[in-house]
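**Student:** Protein chains in written order, with UniProt numbering: chain A, 1 to 189; chain B, 1 to 189. Quick reminder that beta carbons are idealized off the backbone N, C-alpha and C, glycines included. Structure provided below as structure tokens; questions to follow.
Protein chains: 2
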Amino acid sequence: MDVVHAEDTRTRLLGTALRLFTEHGVEGTSLQMIADALGVTKAAVYYHFKTKAEITESVAEPVLRELEGIVDDARAQRTRGAQIDHLLDGFVDLVVRHRALVALFSSDPGIARAVEKSVHSSESFKNRLLEVLVGPDPDLTAIVTAQVLLAGIAIAGGSPEVAPLDDETLRETLLGVGRKLYNRPRRRT
Amino acid sequence: MDVVHAEDTRTRLLGTALRLFTEHGVEGTSLQMIADALGVTKAAVYYHFKTKAEITESVAEPVLRELEGIVDDARAQRTRGAQIDHLLDGFVDLVVRHRALVALFSSDPGIARAVEKSVHSSESFKNRLLEVLVGPDPDLTAIVTAQVLLAGIAIAGGSPEVAPLDDETLRETLLGVGRKLYNRPRRRT
DNA sequence: GTCTATAGCGCGATAGAC
DNA sequence: GTCTATCGCGCTATAGAC
């Protein structure tokens, strides 16, 4: 009935946009392509989102929200070791499950700008994330290590070379690299 | 003399393009902006380069050439340990010296495409680079580790957070992270 | 509230005069 | 070697049909 159809358009649009973004990149995807895939006109797309940037932000938002949840959960752990383990597990799992989108995050300035904006809106978010990894003591090596880890895992996880790997294998492999960098022994059985 | 002026235009154009690219990104830099900065018209720019992609490729080329030299030098080392040390030192040094451009490499699809193209043109190049790090034995963990390392160092080295660091400090810190991932003890005095 | 039709402006790119 | 003129297309914007 109409309910199904009506509230669907915006959601369908985001789904279609995500698919096209991962196929052609953000800049390689025109509003016309999105409109055509939905069977509507450009102006109809423009009715739901004021700008193209607003679309990219809406596409990226759920994953960023999820990441915020992971950081909060990690901070709630009692020991520093448990905090690092929790963040590592959660971050790797997030990257693996959303490989295609994460690859976009790290290689497309369209999405990158959206992420920057969202991260800056809750100003303290990035600091909170890094703080879990580097601890309250701001050591230079620790900061750079954390950045190498986060960027490396995100990019390697989204790279075409690891695309053939199944989720479980990729997750375990990335986790192994992360644990090594942080001197955390394997915890799984 | 006219010689100074004549052969200068193409070089000046590349320098100006690089500056504008690092300021506004590749996609954020129009041919009009480049032309205006040089005091000529768009069409004049087109005389020197057939397409915008050709400009980005020419901007990226010197650094890629340098990286090829580093890989070749590394492969010429006698022991695997020396090969890894050489590549690590060379790669980190390259990233640090060309921070701004490397940041573009890893965050802008315009440059990324140019790099892809150049890397694919000498098809074996990327394989040769990875082979130095993973050895002749293709182990899954080693491959992912190498990717995390290369991507992490490149992105962390170009990130705004480390911009205030001087070259020497950044180089030593990135090297430390790399050595840790590869179980290589510090070699410097 | 949802969409179509239409137009403005800037972009990369090309053709051809000087 | 540099210019003017022009093209097609992409994002944005508005007016108005349903």
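#1: In whole angstroms, give me the CA-to-CA distance for Leu101 (chain A) and Leu150 (chain A).
#2: From the DSSP output, in three-state form, read off residue 197 (chain A) for me.
#3: In three-state DSSP terms, what is Gly28 (chain B)?
#4: How about Thr145 (chain A) and Val177 (chain B): are their beta carbons less than 8 Å apart?
#5: Taking Ser107 (chain B) as the query, report the chain A residues whose CB atoms sit under 9 Å from its CB, ordered along the chain.
#6: If I'm right that Val40 (chain A) touches Leu175 (chain A) with Cβ under 8 Å, what's the distance once you round it to whole angstroms?
#7: Is Lys180 (chain A) close to chain B, meaning its C-beta is less than 8 Å from at least one C-beta of that chain?
#8: 8 Å is my cut-off, CB to CB: does Arg184 (chain B) come that close to chain A?
#9: I'd like to know whether the C-beta of Ala151 (chain B) is nearer than 8 Å to at least one C-beta of chain A.
#10: Taking the alpha carbon of Asn183 (chain B) as the point to measure from, which residue in B:Glu68, B:Ile84, B:Ser118 and B:Glu161 has its own alpha carbon closest?
#11: Could you tell me whether the Cβ atoms of Leu87 (chain B) and Val115 (chain B) are closer together than 8 Å?
#12: Taking contact to mean 3 or more Cβ pairs, one atom from each stretch, closer than 8 Å, check whether the segment 147 to 161 of chain A and the segment 155 to 169 of chain B are in contact.
#13: Can you tell me the Cα-Cα spacing of Leu130 (chain A) and Thr9 (chain B), whole angstroms?
#14: To the nearest angstrom, report how far apart Ser58 (chain A) and Phe125 (chain B) are at their CA atoms.
#15: Give the DSSP-derived three-state secondary structure of Ser159 (chain A) in the structure shown.
#16: Considering only the alpha carbon of each residue, which of B:Phe49, B:Phe21 and B:Arg99 lies closest to Glu168 (chain B)?
#17: Ala114 (chain B) lies in the alpha helix (DSSP H); which residues open and close that run?
#18: Indicate whether Thr173 (chain B) and Thr56 (chain A) have their beta-carbon atoms separated by less than 8 Å.
#19: Pick from B:Leu14, B:Ser118, B:His120 and B:Arg186: whose alpha carbon is nearest that of Phe49 (chain B)?
#20: Along chain B, which residues have their Cβ under 7 Å away from the Cβ of Ser159 (chain A)?
#21: Which residue marks the beginning of the alpha helix (DSSP H) containing Phe91 (chain A), and which one marks its end?
**Tutor:** This is what the structure holds:
#1: Here the C-alpha atom of Leu101 (chain A) lies approximately 15 Å from the C-alpha atom of Leu150 (chain A).
#2: No answer is possible for residue 197 (chain A): it lies beyond the span of chain A, which begins at 1 and ends at 189.
#3: If DSSP states are grouped into helix, strand and coil, Gly28 (chain B) belongs with coil.
#4: yes
#5: Ser106, Ser107, Asp108, Pro109 and Ala112
#6: No, Val40 (chain A) and Leu175 (chain A) are not in contact; Cβ-Cβ is about 43 Å, not under 8 Å.
#7: yes
#8: no
#9: yes
#10: The shortest Cα separation from Asn183 (chain B) among B:Glu68, B:Ile84, B:Ser118 and B:Glu161 belongs to B:Ile84.
#11: no
#12: yes
#13: 45 Å
#14: Ser58 (chain A) and Phe125 (chain B) have their C-alpha atoms spaced approximately 38 Å apart.
#15: coil
#16: B:Arg99
#17: Pro109 to Ser121
#18: no
#19: B:Leu14
#20: Gln147
#21: Arg80 to Arg97
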